[in-house]
Amino acid sequence: MRSLRFLLQKEFRQIFRDPAILRVIFIMPVIQLLILPWAADYEMKDIRLSVIDQDHSSYSQKLISKITSSGYFILNDNSASYKDALNEIEHDYSDLVLEIPPSFEKNLVKEDESKLFMALNAINGVKANLGGAYLRSIIQDFNKEVRLEWIQFPRFNPELSIEVTSSNWFNPLMNYKYFMVPGILVILLTMVGSNLAAANIVKEKEIGTIEQINVTPIKKYHFILGKLIPFWILGLVILTFGLTIARFAYGIIPAGSFLTIYIFAAVYLLAILGLGLLISTYAANQQQSMLLSFFMMMIFILLGGLYTSIDSMPEWAQWITKFNPVSYFINVMRMVVLKGSSLADIKEQLFIMMGFAIALNGWAILSYHKRA
Amino acid sequence: MSAVIVENIIKTYGAKKNVVTALNDISFEVKKGELFGIIGPDGAGKTSLFRILTTLLIADKGKAAVDGFDVVKDYKEIRKRVGYMPGKFSLYQDLSVEENLEFFATIFNTSIEQNYDLIKDIYRQIEPFKKRKAGKLSGGMKQKLALSCALIHRPSVLFLDEPTTGVDAVSRKEFWEMLKKLKEQGITILVSTPYMDEAGLCDEVALIQTGKILSINTPQGIIKDFKKPLWAVKSSDMLRLLNEMQALDDVEDIYPFGEYHHVLLKKEYGREQLVQWIRNYSHEDAVVQKVEPDIEDCFISLMKN
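If you read the sequences in order, they're chains A and B. Counted the way this note's numbering counts, the first sequence spans residues 1 to 372. Counted the way this note's numbering counts, the second sequence spans residues 1001 to 1305.
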């Protein structure tokens, strides 16, 4: 025990003596948590619209003003022809083209139906999709209004219409920050856990200190614990730090209990530190370990459900996410922070995470040798 | 009982076509309390040998024992009782001198106070800087710290891998003085070095080249084995002299040695012949002397055969 205590003391001394690492550890969460949630917003605003109004009627005017007053669209220009409008899109001045054909109003009144044409710039798929959907719903709305105008009260609406209203549970205002901040916190913990821990051990290899340690009678598990515990503590400190930022910068107070978050985080950190340890046993120098961690992080983030929902992934990708510890923690974080899930609700994820921790650490310990 | 026994150790690196034999059937013994030098050029296999003896590396074939323990079976015992100072400075650069020493003392389950008497001569020289970080020490001080750390648990066998490489002449001399004192404390010391002039300071030396031991003897014994007459020649045009002599079939070997060239002649020739040859090449001011071989001459001739 005495040597473990000294290993820990040494490790903490080294961490606190490296101002660059210390700075990164504390500045990284601040920047990531203060900037990323604002940037990662799925709500599309300011979609630039080109309108080709060939009707110039009062209805077409009404429609255009309704669209522009929705707040989602900016009227880029009134093009004279479709060709002109397409030119705008080609030059990336415009994202969306709405063409109102001649006699739009006439047909609407006379024939009870009229057509509109919409063209989308699909280079940015999300923008095209959402922009189209917004526009469609605005036009539908417009359609309803027009009909209401015509129908004389109390005559019954001859057309059946189903109106869908939705309420957003657990996040009533669909505030993306509530959704992103817990996820970003997970990524932060993962980075500290795997990258820092791996780089730390590999550094000992690089400088040759591990050689000096290996010729001592120090026990293998003492050495490994001496490496895991400091980063485990550091991870929990960063979590606390991150939750504090979430509280004061975004007013996010977990609906569930902090204890649940910390219990899961504690197990999660063990798993992710195991991964870091594993990377360090295979990497010969810090460059290799950094590259490897970076590669892993990319997969973890993109297949972790932080930005793209796991449910919308193809089945094979969903299978990959099952082997991604990050996806479980992001899920659990959101469940606890937004929904207020308790330990009982996340017990499945907790057990899976324990499995990860045992498997990764076990593998790492087996492949760490005190000699070549 | 011998402190170190090495029997037929073979170690190869690489696989298939690129096999490099680092150690090729090496055997030797080191007596207790001896200062044993392993001398050889870079790439001779010195570090591999040390890593096998300190249980960091497993040999392909052969047996080795340190302090009576097998390096493979009883590696745990060996780790308790050997000190190893690798060729590369490998202490924690971001910890202070004192912290490094304390750390290594603790993981060997001892304390600085317990073994202070053993390291005090060495440690005293760096003690004024004990709050300084190890990475900020000068080369000589780093080496003293590394030696202190390797000694802090009072090892019975000390392995020093090229301790004097990259160290200035004065520090080198000091270092060997320190080793002599440690020897008096009963510690067996194995030291490897590429510098032949250090061989004379050991009790016994093994000359190793491309994984093979060329000779094991006391420094005096090695010199005694050198039976051929050795000549030192000098002229105002040393390079021309070297090239011309090398071209002669009757000259067995010639190599620069300080301000002279040392010349070995084939058995049947003597001084007169040598003077004659030099005169033939019109070196007016040539000097020819008979010299006693020193250990470097012995090694050069061993290596060339």
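Just so it is clear, CB atoms sit at the ideal spot from N, CA and C, and this is done for glycine as well.
Chain A contact for residue i (CB, 8 angstroms cutoff)
i, result
"Leu1179 of chain B", "no"
"Leu1201 of chain B", "no"
"Phe1103 of chain B", "yes"
"Glu1099 of chain B", "yes"
"Thr1210 of chain B", "no"
"Thr1054 of chain B", "yes"
"Tyr1281 of chain B", "no"
"Arg1154 of chain B", "no"
"Lys1076 of chain B", "yes"
"Tyr1084 of chain B", "yes"
"Arg1079 of chain B", "yes"
Residue i - DSSP class collapsed to helix/strand/coil
i, result
"Gln1093 of chain B", "coil"
"Ala1022 of chain B", "strand"
"Leu173 of chain A", "coil"
"Ile1058 of chain B", "coil"
"Asp84 of chain A", "helix"
"Lys1017 of chain B", "coil"
"Tyr282 of chain A", "helix"
"Thr165 of chain A", "coil"
"Lys10 of chain A", "helix"
"Leu303 of chain A", "coil"
"Phe1028 of chain B", "strand"
"Ser1310 of chain B", "This structure cannot speak to residue 1310 of chain B, because chain B is shown only from 1001 to 1305."
"Val1082 of chain B", "strand"
"Ile67 of chain A", "helix"
"Ser58 of chain A", "helix"
"Ile1152 of chain B", "coil"
"Gln1209 of chain B", "strand"
"Lys1130 of chain B", "coil"
"Val126 of chain A", "helix"
"Phe323 of chain A", "coil"
"Asn1115 of chain B", "coil"
One or two residues paired with residue i in a DSSP bridge
i, result
"Trp1231 of chain B", "B:Val1263 and B:Lys1290"
"Glu1007 of chain B", "B:Lys1063"
"Arg48 of chain A", "A:Ile74"
"Glu99 of chain A", "A:Ile52 and A:Phe117"
"Ile252 of chain A", "Looking at the DSSP assignment, Ile252 of chain A forms no beta bridge with any residue, so it has no partner."
"Glu1204 of chain B", "B:Phe1036"
"Ser1138 of chain B", "Paired residues: none, contrary to the question."
"Thr1188 of chain B", "B:Val1157"
"Tyr1255 of chain B", "B:His1262"
"Phe1069 of chain B", "B:Val1066"
"Tyr1281 of chain B", "Its beta-bridge partners do not exist; DSSP assigns none."
"Ile1216 of chain B", "B:Ala1206"
"Thr1012 of chain B", "B:Thr1021"
"Thr1193 of chain B", "B:Ile1039"
Partner residues on chain A for residue i, Cβ-Cβ distance less than 7 angstroms
i, result
"Ser1090 of chain B", "Ile207, Gly208, Thr209, Glu211 and Gln212"
Cβ distance (whole Å) where residue i is taken to contact residue j below 8 angstroms
i, j, result
"Glu1259 of chain B", "Lys1234 of chain B", "6 angstroms"
"Leu1179 of chain B", "Val1191 of chain B", "7 angstroms"
"Cys1298 of chain B", "Ile1189 of chain B", "So it is not a contact: roughly 22 angstroms between Cβ atoms."
"Val267 of chain A", "Leu350 of chain A", "6 angstroms"
"Ile1208 of chain B", "Ile1038 of chain B", "6 angstroms"
"Phe1226 of chain B", "Pro1155 of chain B", "With 8 angstroms as the limit, Phe1226 of chain B and Pro1155 of chain B do not qualify as a contact, their Cβ atoms being about 35 angstroms apart."
"Ile1026 of chain B", "Val1006 of chain B", "6 angstroms"
"Gln14 of chain A", "Leu1095 of chain B", "7 angstroms"
"Thr1210 of chain B", "Ala1044 of chain B", "6 angstroms"
"Gly193 of chain A", "Gly235 of chain A", "5 angstroms"
"Phe1129 of chain B", "Leu1053 of chain B", "Incorrect: roughly 32 angstroms between the Cβ atoms, too far for contact."
is_contact[residue i, chain B] using C-beta, thresh 8 angstroms
i, result
"Pro254 of chain A", "no"
"Arg334 of chain A", "no"
"Thr216 of chain A", "yes"
"Phe231 of chain A", "no"
"Lys220 of chain A", "no"
"Lys227 of chain A", "no"
"Lys10 of chain A", "yes"
Chain-ordered chain B contacts of residue i [CB-CB under 9 angstroms]
i, result
"Ser3 of chain A", "Thr1106, Ile1107, Phe1108 and Asn1109"
"Asp18 of chain A", "Asp1094"
Chain-ordered chain B contacts of residue i [CB-CB under 8 angstroms]
i, result
"Gln14 of chain A", "Tyr1092, Asp1094 and Leu1095"
Per-residue contacts from residue i into chain B (C-beta, under 7 angstroms)
i, result
"Phe6 of chain A", "Phe1103, Thr1106 and Ile1107"
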